[in-house]
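Notes for the one structure printed next.
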């Protein structure tokens, strides 16, 4: 499960960087790499969205898994 946590974190970093570039320069990095709204770009956007939902819904269990939150007795 920790591998999945790391994969989701990496996808969220990609999403954050992409939005930062869009906000600062109007440049969509994902579209620049994979093509504007091509199937692969849409898959990357979908994976970033799924990663965000997963991390948002399981934040407390992720913290326990990584030892960042005390175990509940």
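Residue numbers (the numbering used here): 172 to 244.
We treat Cβ as the ideally placed atom computed from N, Cα and C, and that holds for glycine.
Continuous alpha helix (DSSP H) stretch holding residue i: start and end
{"i": "residue 212", "result": "210 to 228"}
{"i": "residue 192", "result": "173 to 196"}
{"i": "residue 200", "result": "200 to 205"}
Inter-residue Cα distance where the pair is residue i and residue j
{"i": "residue 190", "j": "residue 238", "result": "30 Å"}
{"i": "residue 195", "j": "residue 185", "result": "15 Å"}
Same chain, Cβ closer than 8 Å to residue i, five either side skipped, listed in chain order
{"i": "residue 188", "result": "200"}
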